[in-house]
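Peer 1: Submitted below is the structure of interest, expressed as structure tokens.
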Amino acid sequence: MTRIHRLLGRTIVLVTHDIDEALRLAEHLVLDGSR
């Protein structure tokens, strides 16, 4: 997903109804966002 975001240069919105998946993704995005 990160590679696609960089390639397109656009904001990506991901919708999930699975709270565990949402928390895993949020944790990854916060850690990845510190670059």
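Numbering (the numbering used here), first residue to last: 44 to 78.
All C-beta atoms in this analysis are idealised placements derived from N, C-alpha and C, irrespective of residue type, glycine included.
1. So for R63, helix, strand or coil by DSSP?
2. Would you kindly work out how many angstroms separate the C-alpha atoms of E64 and G52, rounded to a whole number?
3. State the Cα-Cα distance for the pair R67 and H60, rounded to the nearest angstrom.
4. Report the option in A69, T45, L50 whose CA atom is closest to the CA atom of V58.
5. R46 by DSSP, collapsed to three states: which one?
Peer 2: Here's the rundown:
1. The identity of residue 63 in the sequence shown is Asp, whereas the question assumes Arg. Reduced to three states, the DSSP call for D63 is helix.
2. 24 Å
3. 13 Å
4. A69
5. helix
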